[in-house]
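Heads up: the structure comes next, in structure tokens.
Numbering (our numbering), first residue to last: 461 to 723.
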């Protein structure tokens with residue numbers, strides 16, 4: 461059984477819903493745009509079993525988290541997480557960001573390097589854009605909230621490898637309008653303000669079938685920043701590799717974070 465504590469944390473511009481698992485070295489997990497952190501449940505449980513404290517934070521507009529997204533930028537969302545870390549008194553922390561969540565993680569590492577130890581980037585997008593652009597599918601949504609399976613089958617979201625069954629996303633909760641609003645927060649933020657992840661060590665885990673964050677992004681990070689960036693490629697996995705190949709993702713993450721934890 462996974463023991464989970466739920467909290468609402470008040471920060472300057474928002475109230476953030478958090479799910480906290482275990483105790484030990486803190487690891488903050490940030491989900492995809494417009495999605496709740498519930499799909500991290502197994503990964504958070506694995507981290508807790510490995511003597512880490514997993515802190516899953518819903519961004520503004522998701523679940524019980526609230527706060528205006530009008531005029532908000534990626535820096536504002538990163539500042540929300542920074543304040544949550546300070547309220548919890550758990551910094552410096554490791555960060556795990558999936559899809560859009562790793563843009564927030566990398567922005568936080570660039571803006572507040574003293575709060576960040578290592579950054580895990582699951583599906584590294586940002587430099588090489590997909591075609592058509594991200595978000596195009598979600599403008600067709602008529603429902604306020606959808607599960608991930610329907611996002612793929614009804615909206616055509618490019619979240620999975622052809623080898624994956626859309627039903628694996630049934631537990632993913634997504635708010636399409638919030639998905640678009642979250643993407644909008646990075647639209648006018650220059651890439652060089654967050655792309656590098658500051659100077660933190662980076663692990664990039666990427667599905668080779670990812671059509672939303674194409675693997676060339678991870679290779680570009682490694683080419684640009686050298687030994688600071690480690691890349692793990694997962695065949696037959698797409699944008700939601702955390703659910704498509706959960707054991708491989710967990711193994712890569714725990715190995716990367718555990719090197720420091722054991723030193």
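The beta-carbon is built from N, C-alpha and C at its ideal position, and this holds for glycine as well. These numbers were taken from a predicted model, which means no experiment stands behind them.
(request) Give the DSSP-derived three-state secondary structure of residue 553 in the structure shown. (result) strand
(message) Suppose only complete runs of 4+ residues qualify. What are the alpha helix (DSSP H) ranges in the stretch 608-652, listed by chain order?
(response) 608-613, 636-644
(message) Tell me the rounded alpha-carbon separation between residue 659 and residue 578.
(response) 9 Å
(message) Can you confirm whether the stretch 539-551 touches the stretch 561-575 when touching is taken to mean that 3 or more C-beta pairs between the two stretches lie within less than 8 Å?
(response) yes
(request) Indicate the three-state DSSP secondary structure (helix, strand or coil) for residue 722 in the structure shown. (result) Because residue 722 sits at a pLDDT of 44, beneath the cut-off of 50, its placement in the model cannot be relied upon, and the following sentence gives the value as read from the coordinates. Residue 722: coil per DSSP, three-state reduction.
(message) Looking at residue 663: is its Cβ nearer than 8 Å to the Cβ of residue 576?
(response) no
(message) Buried or exposed for residue 594, going by 16 or more other Cβ atoms inside 10 Å?
(response) buried
(message) Once the 5 residues before and after residue 590 are set aside, which same chain residues still bring their CB inside 8 Å of it?
(response) 618, 671, 672, 673, 674
(message) Quick test of the definition: if touching needs 3 or more C-beta pairs under 8 Å, does the stretch 530-537 touch the stretch 501-516?
(response) no
(message) Does residue 615 pass the burial test, meaning 16 or more other C-beta atoms within 10 Å, or should it be called exposed?
(response) buried
(message) Based on DSSP bridge pairs, tell me the residues matched to residue 576.
(response) 553
(message) Could you tell me the alpha carbon to alpha carbon distance between residue 561 and residue 491, rounded to whole angstroms?
(response) 5 Å
(request) Quick one: which unbroken alpha helix (DSSP H) runs of 4-plus residues sit fully inside the stretch 517-561? Chain order, please. (result) 534-548
(message) Please report the distance separating the alpha-carbon of residue 697 from that of residue 474.
(response) 34 Å
(message) Using CA atoms only, rank isn't needed, just tell me which of 505, 517, 691 is closest to residue 496.
(response) 517
(message) I need the DSSP call for residue 471, collapsed to helix, strand or coil.
(response) strand
(request) Grab the span of the alpha helix (DSSP H) containing residue 664 for me, first residue to last. (result) Counting along the chain, residue 664 falls outside any alpha helix (DSSP H), though it belongs to the beta strand (DSSP E) covering 662-667.
(request) Answer with buried or exposed for residue 499, where buried requires no fewer than 16 other C-beta atoms within 10 angstroms of its C-beta. (result) buried
(request) On the DSSP bridge assignment, give the partners of residue 513 in chain order. (result) 486
(request) Give every residue of the same chain whose Cβ lies closer than 6 Å to the Cβ of residue 636, excluding the five residues on either side of it in the sequence, and list them in chain order. (result) 598, 601
(message) Can you check which of these residues, 583, 656, 632, 609, is closest to residue 686 by C-alpha distance?
(response) 656
(request) With DSSP as the reference, please indicate the residues paired to residue 479 in a beta bridge. (result) 466, 516
(request) Let me know if residue 477 comes out buried or exposed under the rule of 16 or more other beta-carbons within 10 Å of its beta-carbon. (result) buried
(message) Among 623, 625, 629, 624, whose alpha-carbon lies nearest the alpha-carbon of residue 611?
(response) 629
(request) List the endpoints of the continuous beta strand (DSSP E) containing residue 691. (result) 689-694
(message) Considering Cα atoms alone, identify which of 553, 484, 707, 472 is closest to residue 528.
(response) 472
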